[in-house]
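Residue numbers (my numbering): 3 to 311.
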């Protein structure tokens, strides 16, 4: 399935950039102001002084810590503002089972405790499927007393938040006949979701249980504990680019469902939700134009958001 992981992404996409192998041997390097810890599961950059905040980042479907660093130019700016950054190697997840949430929460709590990082200014964010992980994990942590690392803020970057819609979009693509567009990834998604949850028309409750958001039923219970948490929803709804390059309609894009989620949460009086659509900011590190990219984030503005009380 390696070929699948390199196909371009929209709603029915979960990949993002070229995959690099994580470092196998833990190493430690020190600069005058920052300490770098490279472990099998993550990379941590922490200031020698007390950090003002902690930023935890999850990549898209194949992304490792090295990929995130390459595509998301945040580290230098974080260092200038005394913010610790954790780049996770955890990826390839469209949803999280309960045990996976426990494992991730426990790992994150240990990293923060072992490195004496602040527990009152934690921000978690992710690109594509990494945004799904960020939202589900954040909601889970806040709900359990055994974890004392409640995130102050969480953000996503063009994430496939609606699994039932993902299924429907994949069905449309498989039925479409276009020699220039591959359906291999769509078929893989259909197989994966069917095996896990069945068809959404008959088993919508399975999708509701695991997805960030289910638009056909306006189901948002998997985010209910984030009502007082700062939330940012980044996306670049370049409908012309998607139509030209992938024959994708607006209702097949992550952007479509992210906007609907924003409206739904605001209607439920979530206190700190920001929907942030961008224009012509999406570019990969190699210069390729792609609205599904880390680069749609204004890094200066993100840092200001993190540091704001």
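We put the CB at the ideal spot given by N, CA and C, even for glycine.
Taking a contact to mean a Cβ-Cβ separation below 8 Å, would you say residue i touches residue j in this structure?
i, j, result
"residue 212", "residue 296", "no"
"residue 2", "residue 235", "Absent from the model: residue 2. The displayed extent of the chain is 3 to 311, so no value can be given."
"residue 232", "residue 154", "yes"
"residue 143", "residue 151", "yes"
"residue 171", "residue 254", "yes"
"residue 215", "residue 259", "yes"
"residue 55", "residue 278", "no"
"residue 87", "residue 44", "no"
Specify the secondary structure class of residue i as computed by DSSP and reduced to three states.
i, result
"residue 145", "coil"
"residue 277", "strand"
"residue 284", "coil"
"residue 289", "coil"
"residue 115", "helix"
"residue 132", "helix"
"residue 234", "strand"
"residue 199", "helix"
"residue 161", "coil"
"residue 76", "coil"
"residue 55", "strand"
"residue 34", "Reliability of the predicted coordinates at residue 34 is poor, the pLDDT of 47 falling under 50, and the value obtained from them is presented with this limitation in mind. Residue 34: coil per DSSP, three-state reduction."
"residue 214", "coil"
"residue 295", "coil"
"residue 255", "coil"
"residue 262", "helix"
"residue 40", "strand"
"residue 304", "helix"
"residue 103", "helix"
If you compare alpha carbons, which of the options is closest to residue i?
i, options, result
"residue 165", "150, 231, 200 and 185", "200"
"residue 169", "141, 106, 107 and 256", "256"
"residue 134", "50, 272, 306 and 160", "160"
"residue 269", "222, 285 and 284", "222"
"residue 275", "49, 216, 44 and 137", "137"
"residue 301", "46, 41, 45 and 85", "85"
"residue 115", "227, 89 and 149", "149"
"residue 267", "39, 220 and 83", "220"
"residue 50", "35, 64 and 71", "35"
"residue 227", "194, 273, 119 and 265", "273"
"residue 224", "180, 163, 71 and 40", "163"
Tell me the rounded alpha-carbon separation between residue i and residue j.
i, j, result
"residue 67", "residue 146", "27 Å"
"residue 174", "residue 242", "19 Å"
"residue 246", "residue 261", "22 Å"
"residue 238", "residue 293", "6 Å"
"residue 177", "residue 197", "20 Å"
"residue 109", "residue 126", "14 Å"
"residue 12", "residue 167", "Confidence at residue 12 is low in this model, with a pLDDT of 41, below 50, so its placement is unreliable and the value that follows should be read with caution. The straight-line gap from Cα to Cα measures roughly 12 Å."
"residue 289", "residue 283", "11 Å"
"residue 105", "residue 140", "13 Å"
"residue 81", "residue 229", "30 Å"
"residue 305", "residue 311", "12 Å"
"residue 280", "residue 240", "9 Å"
"residue 42", "residue 89", "11 Å"
"residue 37", "residue 112", "17 Å"
"residue 271", "residue 117", "36 Å"
"residue 69", "residue 303", "22 Å"
"residue 217", "residue 128", "21 Å"
"residue 189", "residue 285", "27 Å"
"residue 83", "residue 244", "36 Å"
"residue 265", "residue 185", "32 Å"
"residue 287", "residue 72", "7 Å"
Q.
Could you check whether the segment 82-98 touches the segment 48-60, counting it as contact only if at least three pairs of C-beta atoms, one from each stretch, sit closer than 8 Å?
A. yes
**Q.** Any 3 or more C-beta pairs closer than 8 Å across the segment 191-211 and the segment 238-258
**A.** no
Q. Is there contact between the segment 72-80 and the segment 99-112, where contact requires at least three CB pairs shorter than 8 Å?
A. no
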